[in-house]
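Residue numbers (this note's numbering), protein chains in the order written: chain A, 882 to 1153; chain B, 2 to 71. Even glycine gets a Cβ: it sits at the ideal position worked out from N, Cα and C. None of these values were measured; they are calculated from a predicted model. Structure record follows, encoded as structure tokens.
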């Protein structure tokens, strides 16, 4: 199976095929290239390294070896560093979930991680309050994130089976909001949503720093930033996979659960 | 863009902000408390509600900047 995957992105940076156009992908590519050209890019890769090792953990948790794997959006190969049970590993820069689904062989697995949910809520709230008090209104500065509850639907709609979604909360402490923002920029994670404001007033930044510290500051003077990482595992359907049983085929009731210890010869309940 | 221009000067000033901010703890706390008080009380946060505290914070930052000028 070839691993040359071309992203569904047109020249102008907007997605083709009717997907929701939230992000300016050309800008994101420029931000990532700028971040990669910094003097010391490894200094800012701590979050991606940590998430990469947790994804690799999940690969190991699966009791199979894989002859061929595709690392989509690999960055600095944060996942590959930790993997050895994969035969061939291709690293690419593309991410479209339907494309991933089609590229997988039946009974192939997709293991993914992304920030979502409550990530950077401290930054978002502080910025919002500061902008209201200083400027009289506010605009979004932190990207809209996928909620955990939506993730299952999204993967299910694409066609993945046997979904697993779980959350890891990572709290990172910084000296202040300036460092939070400059680290995010150096990671290549600046805002690139089309609806972003192109400017952040100095006064607003100052106000944000004071509010962030007052609302979330810790005793040692640092401020926390939350990264909520959503991990997802989905399988491309295959006959060998367990399927939900047919409706009405249950022959044991949940009420019998209490009797399980008494009858060790009973088969596994075939409930849905 | 090379050479000194408004962006390089602006960036230099921004880089100094964290250390200046550290020197203005009480003013920052006062402003922060003023804004966050609205999240608990019925009063809605509106523009310039805490302008006094913010001006104090800004004055502190500016005088700290003058003190440590290169």
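Around the beta carbon of residue 1032 of chain A, a 10 Å sphere encloses 16 or more other beta carbons of the protein chains shown; the residue is thus reported as buried.
For residue 1021 of chain A, there is no enclosing beta strand (DSSP E), as DSSP marks it with neither H nor E. With a threshold of 8 Å between beta carbons, residue 1092 of chain A makes contact with chain B. With contacts defined by Cβ atoms closer than 8 Å, residue 26 of chain B and residue 1092 of chain A do not form a contacting pair. A straight-line Cα-Cα distance of about 16 Å links residue 909 of chain A and residue 1062 of chain A. Residues of chain A with a Cβ closer than 7 Å to the Cβ of residue 57 of chain B do not exist, since the nearest Cβ in that chain sits about 11 Å away. At a cut-off of 8 Å between beta carbons, residue 1114 of chain A makes no contact with chain B. Under the three-state reduction of DSSP output, residue 938 of chain A falls in the helix class.
Under the DSSP definition of a beta bridge, residue 1045 of chain A partners with A:1114. Within chain A, no residue has its CB atom less than 7 Å from the CB of residue 7 of chain B, the nearest being about 13 Å off.
The way I'd put it, the stretch 1080–1100 of chain A doesn't touch the stretch 1122–1137 of chain A; fewer than three beta-carbon pairs between them come closer than 8 Å. Under the three-state reduction of DSSP, residue 948 of chain A is assigned to strand. Cβ proximity to chain B below 8 Å picks out 1056, 1057, 1059, 1060 from the stretch 1054–1073 of chain A. At least 8 Å separates the CB of residue 66 of chain B from every CB of chain A. The alpha carbon of residue 980 of chain A has as its nearest neighbour, out of A:1003, A:923, A:1000, A:951, the alpha carbon of A:951. Nearest Cα to residue 51 of chain B within the set B:19, B:17, B:29: B:29. By the CB criterion at 8 Å, residue 1073 of chain A and residue 912 of chain A fall inside the cutoff. Per DSSP, the unbroken alpha helix (DSSP H) holding residue 1033 of chain A starts and ends at 1029–1039. For residue 33 of chain B, no beta strand (DSSP E) encloses it; the enclosing alpha helix (DSSP H) starts and ends at 26–41.
Interface criterion met: the Cβ of residue 30 of chain B is under 8 Å from a Cβ in chain A. Proximity of residue 920 of chain A to chain B, defined by a Cβ-Cβ separation below 8 Å, is not satisfied. Pairing residue 48 of chain B with residue 1014 of chain A gives a Cβ-Cβ distance under 8 Å.
Per the coordinates, the alpha-carbon of residue 63 of chain B lies some 14 Å from the alpha-carbon of residue 16 of chain B.
With contacts defined as CB atoms closer than 8 Å, residue 1044 of chain A and residue 989 of chain A fail to qualify as a contacting pair. Residue 923 of chain A carries a helical assignment under DSSP once its states are collapsed to helix, strand and coil. The alpha-carbon of residue 1010 of chain A is positioned some 56 Å away from that of residue 1141 of chain A.
When A:962, A:1027, A:923, A:1089 are compared, the shortest CA-CA separation from residue 22 of chain B is found for A:1089. Near chain B, meaning a CB-to-CB distance below 9 Å, the residues of the stretch 1015–1027 of chain A are 1015, 1016, 1017, 1018. Inclusion of residue 1104 of chain A and residue 1058 of chain A in the CB contact set at 8 Å is warranted, their separation being smaller than that value. CA-to-CA, the gap between residue 56 of chain B and residue 18 of chain B works out to about 16 Å.
Any Cβ of chain B closer than 8 Å to the Cβ of residue 1080 of chain A would place that residue at the interface, and such an atom is absent.
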